[in-house]
Each structure stands twice: as structure tokens, then as C-alpha cells.
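**Student:**
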């Protein structure tokens with residue numbers, strides 16, 4: 028395993044050693060309290076792992092012995108940290124449970140297979156013996172995809188794939204690479220870059236998530252405009268199922284019926300365990316450029332994105348913050364710092380150029396060879412100008428790029444201070460995006476106001492366009508709110524329900540890149556239709572007839 | 028219906044009025060006989076429709092009356108021409124049967140629904156009453172996808188979708204269009220171009236095939252490098268099934284589980300009937316350029332294609348003929364024409380430039396705005412030069428473009444003269460393509476030699492790369508051979524089997540854009556794996572529990 032799990036938080040995000048500079052900035056917290064209509068923020072620390080009791084493992088001794096015989100004794104683990112680490116993913120909802128010491132979902136054991144054969148053997152035994160299996164990559168799901176839920180079965184094991192992390196081969200003629208599914212993002216990236224190629228999949232979870240997880244939840248990296256989503260870059264997969272191994276097609280294109288590879292994408296461990304994958308790779312970009320623009324408002328920025336993607340301009344990313352997100356990050360970062368001459372001059376200049384409170388910041392990214400990067404950058408500059416935008420320079424882009432994986436760390440200091448913070452995301456067509464944006468923003472603001480612990484308190488609801496396509500784009504909402512400490516899970520659920528209902532009512536998908544898991548399950552019939560869900564259920568029945576794989580995820584019971 | 032069916036051949040390709048100039052060119056035929064090692068060609072005309080008897084319809088009167096009540100009397104047809112027209116597709120194998128007067132596969136009635144509700148009602152009744160339903164678009168399948176086979180059921184109807192051909196709407200904000208699935212290619216193209224947009228799907232069957240058919244067989248048009256395959260341009264579909272209507276997702280992207288839309292692609296009428304589709308559209312190209320290059324050999328031409336697609340050069344088409352195809356079309360077109368001074372000069376120049384018998388011709392196509400067309404054309408010229416190619420000019424490109432839909436017409440005059448002619452196609456990765464090419468070519472040549480009616484006779488086996496991708500390309504084989512007149516179906520099958528076995532053995536897909544139908548069914552387990560086929564069977568079971576939809580296609584019994 029290339030990533031040291033003992034250095035990763037079991038009840039928060041990422042490296043336990045990571046310290047965010049804002050965490051200790053009391054001026055920022057005081058400013059934030061004011062923004063949220065709260066007189067002050069409370070101390071709400073998480074419970075320590077050693078103070079939390081775990082229920083005894085429900086595996087019986089002969090079952091445990093069988094697994095130890097197949098995998099080796101050191102690869103069947105049921106210690107306190109192992110079971111806690113694998114109890115849940117890392118959503119705000121998960122963190123509420125974990126920080127409160129609720130480890131009801133802890134698996135009965137964690138298994139670390141070393142190869143596809145061991146996975147097959149494990150699944151076959153689990154299926155025959157009624158033991159639920161939750162496939163586990165990096166465990167960064169933010170929709171409850173790895174909750175160790177036994178469903179109606181007697182016990183549940185977490186099948187941790189991180190021991191299967193070999194790069195199997197690179198084909199530089201066809202520009203594909205094959206790797207075991209448990210490889211972490213940085214290890215895969217390093218191995219590929221050593222051959223001067225990249226996959227180019229950099230989700231915010233990149234440092235702590237795995238190839239198999241990216242495929243299983245049909246994800247998208249921040250640079251998907253250039254490198255594609257998982258459904259674009261996946262060539263073929265090996266899917267271990269209780270009925271045996273399914274090796275999917277690996278042709279560049281085929282008309283021989285529906286593509287089975289497509290069914291692995293988004294299967295979330297409910298159809299099988301992805302053990303290997305072949306993916307498209309590309310030459311490592313010779314250069315990259317991330318730069319900032321300021322638009323007069325979100326609408327004109329979105330129009331610029333639409334024009335660029337519809338003319339197929341080669342960009343790697345166009346990330347447009349709405350007015351609230353633009354304002355929030357500017358103010359949050361500046362809080363407690365004395366306003367210097369440069370900052371006041373910048374304010375004056377923006378005002379002179381008529382960039383008011385509706386101003387929307389964009390980070391535009393370009394990667395590739397220097398000529399095409401310069402050409403795309405120039406052309407996007409023309410488009411931005413056409414929509415009235417002002418260039419705010421490469422330093423804004425560099426700052427974004429440096430902090431591009433750090434967003435989730437902000438949750439922990441906020442949760443330590445009685446605050447809630449969650450994100451949700453969707454995608455819809457360009458013709459529906461304005462109505463969807465307004466409806467979801469208003470719903471979040473209203474529901475937060477209704478569920479805060481005190482009158483007059485309110486939330487901050489920020490949004491950005493994170494990914495774009497010729498026919499539409501994703502909207503990524505971040506919302507911060509005073510937590511209802513006596514009912515924080517119910518508060519989370521009320522906000523989540525209202526927002527997702529609004530998304531569905533306005534023609535958005537329930538998830539653009541987070542997945543379904545447990546959290547989006549109640550909307551799957553609306554998303555896929557009754558027959559669509561029947562189809563998913565039939566596929567599961569063909570591959571996992573006893574229903575041992577990841578109960579309670581993806582497919583409504 | 029926008030295309031007049033009475034003017035389309037029931038036992039051959041396309042317009043009955045079409046006359047190919049080669050058809051009456053006796054010098055060309057005599058040259059061809061020599062090439063095939065035959066002393067002369069025989070007259071083998073097709074049987075006339077009026078001389079062929081059809082079995083009585085197996086629908087009972089109350090069933091027929093039910094359909095007439097739901098659809099209207101004029102939309103339930105069982106006349107001689109209707110039943111013959113819908114008996115089979117238009118493959119060489121189909122034409123062997125049709126020209127011989129074998130109409131055993133004629134449907135018991137042809138139904139013409141006018142809307143999704145009528146399709147749903149028809150499917151529900153058929154399912155309840157054990158009547159097989161074969162969805163029929165333009166009927167141009169070349170793999171036996173529309174053979175009116177009742178399977179184990181008592182009767183079979185052909186469900187002709189050509190009455191459902193409305194353009195429902197165009198969304199010029201999201202660049203999508205929604206149309207009924209029975210619309211023919213030219214009618215859809217005309218309606219879209221009236222709004223200055225295109226779908227850009229131009230398969231060789233374009234004039235005689237429909238939107239629903241393109242999706243159902245997961246096809247690719249000639250310009251798919253620019254406009255994408257059906258699996259690229261399909262946004263969403265309505266699939267009418269015996270269990271009701273399945274409306275698939277229409278989001279620009281989603282991570283909410285496997286995409287049901289993907290299962291409609293390649294479903295070949297076995298899961299349901301596609302009644303409507305929403306597709307990506309693009310601005311109509313302002314200009315287009317098709318031009319010719321000559322490479323020293325197939326390998327260097329393929330290397331140029333690989334470089335161009337791997338650097339993502341925006342081309343609409345790169346079509347590279349192998350030496351035999353290059354030689355054949357040059358000689359066939361020239362046969363009987365006196366070799367003029369210009370032609371002899373060209374030969375001398377080619378020889379001087381050392382373009383020998385291995386020379387491989389390429390047509391390269393570029394579409395879009397003038398600046399990008401010129402830029403791509405220039406860059407591809409550099410790539411071609413790097414691989415030693417010579418530009419042979421735009422007139423070659425224009426000729427190809429003018430005749431781009433005419434290839435299939437050549438079969439009829441050949442079949443009138445005792446010849447067989449068939450095509451097959453595959454795709455594989457760049458690292459396997461040379462071995463696959465050699466193996467299939469040799470297998471075709473050998474099997475043709477073994478199955479010709481006389482010693483010394485032989486086939487012509489030509490190939491071109493028709494579509495290309497970063498990780499591989501398709502190979503399209505055309506083969507002409509002296510027909511074994513006392514066993515022409517067995518001869519066809521022997522050749523088909525040997526070639527497909529060679530394709531599978533060398534890592535190619537059994538079809539790149541023709542589909543599965545009946546003809547590729549025996550290789551589906553090798554293509555998809557046992558579990559993959561089980562998955563397809565499970566999906567069918569969920570949507571068509573009685574198994575009335577298109578029996579004997581796509582899914583092995």
C-alpha cells in the first residue's frame with residue numbers, strides 16, 4: 028500500500044497532521060459567526076477513538092479462520108482502528124456519526140486481498156455463508172457508499188482493496204494502462220509520469236482515493252474537460268462477482284450490443300468488486316496554465332463557458348464561482364488581516380470597472396503543449412472579454428491550483444465550532460441551469476433558516492460551476508450553517524431532502540460526480556424510472572444472486 | 028413517411044431506379060472475371076416477387092382485428108410486397124435468400140404505429156398473446172437484425188417505425204434535438220439543417236436508415252471522428268417495452284449509477300422499441316474539405332492516422348485503403364477505358380516517386396469553420412508528409428464524397444453475374460491491428476479459395492481503416508468471390524465463420540458498427556463473456572419477461 032493509513036484521520040478528512048492556516052485564525056471565526064447570525068461559536072470537539080466501544084465481531088470463529096486461511100492471518104483485521112476506519116465514508120453526515128462516537132456501522136472484519144483470485148474466493152464464500160461484503164478503496168465517499176451495513180445479513184466485512192495496487196502495464200502504442208484497482212491516486216500518477224504519461228483524473232479526493240473507487244462511483248476529476256470522466260477514460264475492467272470473474276470488452280469501439288464496461292461505471296460495489304482496470308492515458312502535458320477572470324455576474328460567466336465548450340475549445344477546466352462564493356472566499360481569507368493599500372486599490376479599481384457585489388470569479392485551466400495552451404488561453408481570453416470579464420491574473424490560478432485538494436479539510440475546524448458544512452452537486456442542461464441554480468440556492472437558504480438552532484441565524488450558500496459539457500454543466504453547492512446540536516443528523520437530512528427534491532423537480536441529476544450510496548438512494552426511482560431501477564436490480568441479480576454485495580447502496584430495496 | 032418505400036428494392040439495395048455505371052460495362056466484368064480466376068461470369072438473376080408464394084399469415088382474425096382497432100385498418104398491412112419487404116435486412120446473406128425467393132421469414136403482418144402509446148399498446152398485447160415483435164426502422168441491417176423470426180412463438184409482426192418521424196424540438200441553448208425514432212436520415216438532416224444545425228451521422232446506409240436504427244445497433248457514421256458514434260451523440264431515449272415506457276436519463280453527465288441510456292445503445296430491439304431520442308447537435312459546418320493522399324503502404328498510413336488521432340487533431344474522417352483496395356478501385360474504374368496520356372503520366376510519376384504495388388490511398392476529411400478546417404488540413408498534411416505520403420488532391424476526395432453512399436449498390440450487379448460480395452468489420456487496439464489485419468485477410472483469401480466452385484478461382488479481399496480512435500481503429504473488409512451456386516448460403520457461412528473466428532482470436536470485436544443480429548450471435552459469449560451475456564439476458568428479462576421482442580437476435584438462446 029502506497030499510502031500510510033495510520034496517518035489518515037479515521038473521523039475527519041485526510042492527513043491527521045494537516046493544519047489549515049484558517050483553523051487558528053480567531054478573527055476569521057468571529058467574522059464567520061457574524062455572517063451566520065450567531066453571537067459566538069461553540070466548542071464541539073469530536074470523541075476520541077479510545078473512548079468509543081465497539082460491538083463484538085459477528086463473524087463466527089470458523090468464518091474468520093476460513094478468511095485467514097485464504098488471505099493470511101495478517102490480512103484479516105478486526106482491531107479497533109481498522110474497524111473504525113472502515114465504518115463509514117467521509118461525508119458531513121458520516122463525520123456527524125463518527126465524531127459522536129457512533130460506530131454502529133463498524134464492519135465485523137476488514138479483509139485485504141492481494142489478487143483477483145483472493146477476491147473471487149472471498150466473494151464466493153461470503154455469498155455461500157450470508158456475509159455482506161462492502162468493497163473499500165480509499166473510503167472517501169461523501170454519499171455513504173462504504174457504510175459497513177450488513178443489510179438483512181448476519182455480518183459484514185469490509186473488503187479493502189489497497190493491497191492491490193500494482194501498475195500491470197503501459198501500452199504506449201495504444202495509449203492505455205492497466206493497473207490493479209486499489210492503487211491510490213498519487214501512486215498511480217507517479218508510476219505513469221515516470222513513463223511520461225498521465226491518466227489526468229484529479230478529483231478533490233485525489234490523494235486519498237483509488238482507481239477502483241473512481242470507476243465504481245463514475246467520478247469526474249477537476250480537469251475532466253481535458254482528460255474526461257471515468258466513463259470517458261475507462262477502457263475495460265475486471266469485475267469479481269460471487270458468480271465468478273467478468274472481464275469486460277476492451278475494444279476501442281464496438282457495436283456488439285450494449286457495452287458491459289458501461290455497467291461497471293457507477294456500480295458502487297453492488298454488482299461486483301473492480302479488481303483491475305485498463306484506462307486511456309495521454310502524454311503528460313508539457314505545460315499548464317491556471318488563470319483567473321472576473322465576470323460581472325454568474326450568468327455572463329456561464330454564458331462564456333457555454334460558448335467555449337460548444338465550440339470545443341480545448342480547456343482543462345473552467346470553474347466559475349457565483350457571487351456568494353466569490354465574496355466568501357475573498358472575505359474569509361482576508362478576515363483579520365489589516366486592509367493594505369494594495370487591497371484598497373484593488374477594491375477601488377473593481378468598483379471603477381463596475382464589478383459590484385454580483386461579480387463572479389473564474390479559474391480557467393489549460394494543459395498540453397505550449398502552442399495549444401497559448402492558443403486556447405488566447406481564444407478563451409477573447410470569449411471572456413466578449414462577455415465583459417476582466418483578467419485577474421495567473422496568481423489567482425496558481426493559488427487555486429496549490430489548494431485544489433484542500434477544501435475538505437475546512438470541515439473539521441468548522442465542526443469543532445458548532446458549525447455544519449456540506450456540499451452537494453448536480454448537473455443539468457444549459458437551458459435549465461438558471462432555474463435550477465436559483466431554486467436550489469433558495470431552498471438551501473430557506474431550509475437552513477428553518478433548521479438553525481436560534482432565530483435570526485442563517486446559512487452561507489455558495490455555488491460554482493465545476494464541470495461543463497456542450498449540453499450543460501454541473502453546479503456544486505457548498506453550504507455552511509449553525510448546527511442544531513441536539514438533532515444534527517435530522518437537520519442534515521432535512522436540508523439534504525429539500526435540496527435534492529428541488530434538484531429533481533428542476534431537471535437535475537441527483538449526482539454529477541459523488542455517486543448514489545445510501546444518501547441518494549431515496550431518489551433513484553425518480554432518477555432512473557421504475558423500469559430503470561428494475562434493470563439495475565436484474566443486473567445485480569445476475570451477478571450477486573444472494574445479495575451480499577454492498578447492501579443498501581445504489582439499488583432501492 | 029418521408030421516404031417512398033415503393034421505390035426501394037425489396038430484395039436489393041436502395042432505390043430500384045439507381046443504375047450504377049459499372050453495371051453495364053462489360054469490359055469491367057471481363058476484367059473482374061480474370062481477377063477472380065474465372066473464364067467467364069454466369070447470369071444469375073433474382074426471382075421476381077410475383078413468382079414467390081408466401082405462407083398464410085399466422086395471426087388469427089381476432090388478433091388482427093385488435094391491431095386494426097388500435098392502429099387503424101390502414102396501418103395493419105399483410106400484402107405481398109409489405110411482407111416481403113419486411114422479411115429480412117439487406118446483408119449479402121439476406122439477399123441470397125431474398126433473390127432465391129425464400130420468404131420463409133416473412134412477418135405475418137406489418138404494423139405502422141403513429142405514437143409511443145400505440146407502440147406500448149401493441150407490445151403489451153403481443154406479450155400477453157405470445158406474438159413476436161420485430162422492430163423495423165429502415166430495414167438496412169447487414170447482420171440479420173430484422174429477420175422476421177417468431178422464435179418459439181406462434182406468429183411474428185414487423186413493427187415498422189417509419190410512421191413516427193416527427194422532429195419534436197430543437198434546443199439551441201443546449202444544442203440537442205428530439206425526434207421520433209422512425210425518421211429517415213435525409214428527413215432528419217434536412218429538418219436540422221433548416222435550423223443551421225446537424226447531427227452529423229452519415230453511415231453508408233444514411234439514405235435508407237433511421238434514427239432509431241442507428242441507436243439500436245450502436246452505429247457509427249463515416250464522419251464519426253467529428254460527430255461521434257451513436258454512443259457519443261445519444262443523450263436520452265424513450266424505450267417502449269412490454270412492461271411500459273422507460274425514459275432514460277437526459278443529463279449532460281451523472282454519477283448516479285450506471286447510465287440506462289447506455290443500455291438502449293446496441294439493444295437491437297431485444298429490450299424494447301426506441302420511439303423517441305434526444306441527440307447532441309452541432310452547428311452545421313461552414314465548410315468541408317475531402318482530399319486524397321497516397322502512402323507507400325498501409326502500415327505507414329495507419330501510423331499517420333494514429334499520430335493524428337492521438338494528438339486529437341480535429342478531423343472528420345481518415346479513411347485508408349490497403350494496397351488491394353487501392354489497386355482494385357483504380358483498376359475497376361479504369362477497366363474498359365483506353366489509357367490516356369494523363370493516366371500514363373500519372374503511372375510514370377508514381378513509379379518515379381517509388382509508389383509501388385503496396386501504395387495505399389487515403390481520403391482525409393475536415394469539416395467546420397474555415398480557419399479550423401485549414402489549420403487541421405495543414406497539420407494533417409505535415410503528418411502525412413512525415414510518413415512519406417504524397418497529396419493526390421481534392422478531386423479524389425470529391426469523388427469519394429459524391430459516391431459515399433453508393434458502395435452497396437455494387438452488390439446487385441455482381442450477384443446477377445454469379446458473384447458473391449460481402450463485407451465485415453471489426454476494431455481493435457493499435458498494438459494488435461497489424462496482426463489482426465494479416466490474419467483476417469489471409470483467412471478470407473484461404474476460405475474463399477477453399478469454397479469457390481472451381482479450382483484456380485480466388486477472391487479479391489480488400490480492406491480499409493474506416494474509423495479511428497486514440498487507442499485503436501476499425502478495419503473494414505470487402506471481399507468478392509465466385510459464388511458456389513449449389514450452396515451459396517453454406518459458402519457464405521463458411522467464410523463468415525472462419526473470418527470471425529480469426530477476428531476473435533486476434534482481439535477484435537465481432538462488430539465495430541454493423542451490430543450483432545443473427546449473424547454474430549454465435550460469438551456473443553466470446554465477445555461479452557458468460558457473465559456478460561447473463562447480464563444482457565437479465566436486462567431483457569426485466570423489460571420483456573415473455574421474450575416477444577426480436578427473438579434470436581443479440582442474446583444467445
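Residue numbers (the working numbering), protein chains in the order written: chain S, 28 to 584; chain V, 28 to 584.
C-beta: ideal position from N, C-alpha, C; glycine also.
No experiment lies behind these values; they were computed from the predicted model shown.
If you draw a straight line from the alpha carbon of residue 449 of chain V to that of residue 51 of chain V, how long is it in whole angstroms?
**Tutor:** 21 angstroms
**Student:** Determine whether the Cβ of residue 555 of chain S lies closer than 7 angstroms to any Cβ atom of chain V.
**Tutor:** yes
**Student:** For residue 287 of chain S, return the contacting residues in chain V, with the cut-off set at a CB-CB distance below 7 angstroms.
**Tutor:** 555, 559 and 562
**Student:** Indicate whether at least one CB of chain V lies closer than 7 angstroms to the CB of residue 498 of chain S.
**Tutor:** yes
**Student:** My output table needs one value for residue 180 of chain V: the three-state DSSP class, helix, strand or coil.
**Tutor:** coil
**Student:** Check whether the Cβ of residue 542 of chain S lies closer than 7 angstroms to any Cβ atom in chain V.
**Tutor:** At least one chain V Cβ lies under 7 angstroms of residue 542 of chain S.
**Student:** Say whether chain S places a C-beta atom closer than 7 angstroms to the C-beta of residue 569 of chain V.
**Tutor:** yes
**Student:** Could you tell me which uninterrupted alpha helix (DSSP H) segments, each at least 4 residues in length, are contained entirely in the segment 251 to 330 of chain S, listed from first to last along the chain?
**Tutor:** Within the segment 251 to 330 of chain S, the complete alpha helix (DSSP H) runs of at least 4 residues are 251 to 254, 257 to 260 and 288 to 291.
**Student:** Find the residues of chain S that neighbour residue 121 of chain V, judging by a C-beta separation of less than 7 angstroms, and give them in chain order.
**Tutor:** By Cβ distance, chain S contributes nothing, its closest Cβ being about 18 angstroms from residue 121 of chain V, past 7 angstroms.
**Student:** Looking only at its chain, what residues have a beta carbon closer than 6 angstroms to the beta carbon of residue 232 of chain S, apart from the 5 residues adjacent to it on each side?
**Tutor:** 167
**Student:** Taking residue 576 of chain V as the reference, give the member of V/245, V/259, V/230 and V/297 with the closest Cα.
**Tutor:** Among V/245, V/259, V/230 and V/297, the Cα nearest to that of residue 576 of chain V belongs to V/297.
**Student:** Beta-carbon of residue 487 of chain S versus every beta-carbon of chain V: anything under 7 angstroms?
**Tutor:** no
**Student:** Can you give me the Cβ contacts of residue 277 of chain V inside the same chain, cut-off strictly under 7 angstroms, excluding the 5 residues immediately before and after it?
**Tutor:** 262, 263 and 305
**Student:** Of the choices V/156, V/77 and V/58, whose alpha-carbon is the least far from that of residue 87 of chain V?
**Tutor:** Of the candidates V/156, V/77 and V/58, the residue whose Cα lies closest to the Cα of residue 87 of chain V is V/156.
**Student:** Do the segment 159 to 175 of chain S and the segment 126 to 135 of chain S touch if we need at least three Cβ pairs shorter than 8 angstroms?
**Tutor:** yes
**Student:** Grab me the residues of residue 40 of chain S's own chain with a C-beta within less than 7 angstroms of its C-beta, minus the 5 sequence neighbours each way, in chain order.
**Tutor:** 117, 435, 436, 438 and 439
**Student:** Does the Cβ-Cβ distance between residue 530 of chain V and residue 453 of chain V come in under 7 angstroms?
**Tutor:** yes
**Student:** Quick check: is the beta carbon of residue 198 of chain S nearer than 7 angstroms to any beta carbon in chain V?
**Tutor:** yes
**Student:** Shortest alpha-carbon distance to residue 265 of chain V belongs to which of V/292, V/283 and V/255?
**Tutor:** V/292
**Student:** Give, in chain order, every residue of the segment 252 to 275 of chain V whose Cβ lies closer than 9 angstroms to some Cβ of chain S.
**Tutor:** Those would be 256, 257, 258, 262, 266, 268, 270, 271, 272, 273, 274 and 275, in chain order.
**Student:** What does the alpha-carbon distance come out to for the pair residue 350 of chain V and residue 328 of chain V?
**Tutor:** 11 angstroms
**Student:** Are the Cβ atoms of residue 330 of chain S and residue 353 of chain S separated by less than 7 angstroms?
**Tutor:** no
**Student:** Considering only DSSP beta bridges, list what residue 508 of chain V is partnered with.
**Tutor:** Per DSSP, the beta bridge partners of residue 508 of chain V are V/447.
**Student:** Between residue 578 of chain V and chain S, is there a C-beta pair that is closer than 7 angstroms?
**Tutor:** Not an interface residue.
**Student:** Excluding sequence positions up to five away, which residues of its chain have a Cβ less than 6 angstroms from the Cβ of residue 36 of chain S?
**Tutor:** 43
**Student:** Which residue from V/254, V/558 and V/459 puts its Cα closest to that of residue 395 of chain V?
**Tutor:** V/254
**Student:** Which word fits residue 215 of chain V, buried or exposed, when buried means at least 16 other C-beta atoms lie within 10 angstroms of its C-beta?
**Tutor:** buried
**Student:** Thinking C-alpha only, which one of V/130, V/113 and V/123 is nearest residue 139 of chain V?
**Tutor:** V/113
**Student:** What's the gap between the Cα of residue 420 of chain S and the Cα of residue 390 of chain S?
**Tutor:** 9 angstroms
**Student:** Can you give me the C-alpha to C-alpha distance between residue 569 of chain V and residue 71 of chain S, rounded to a whole angstrom?
**Tutor:** 50 angstroms
**Student:** For residue 414 of chain V, which three-state DSSP category applies?
**Tutor:** coil
**Student:** In three-state DSSP terms, what is residue 228 of chain V?
**Tutor:** Coil at residue 228 of chain V, not helix or strand.
**Student:** Is it buried or exposed, residue 516 of chain S, if we count other Cβ atoms within 10 angstroms and call 16 or more buried?
**Tutor:** exposed
**Student:** Which residues in the same chain as residue 152 of chain V place their Cβ atom closer than 7 angstroms to its Cβ, once the five residues preceding and following it in sequence are excluded?
**Tutor:** 93
**Student:** Under 8 angstroms Cβ to Cβ from residue 384 of chain V, same chain only, skipping five residues before and after it: list those, please.
**Tutor:** 350 and 354
**Student:** Restricting to Cα atoms, I'd like to know which of V/474, V/343 and V/393 is closest to residue 316 of chain V.
**Tutor:** V/393
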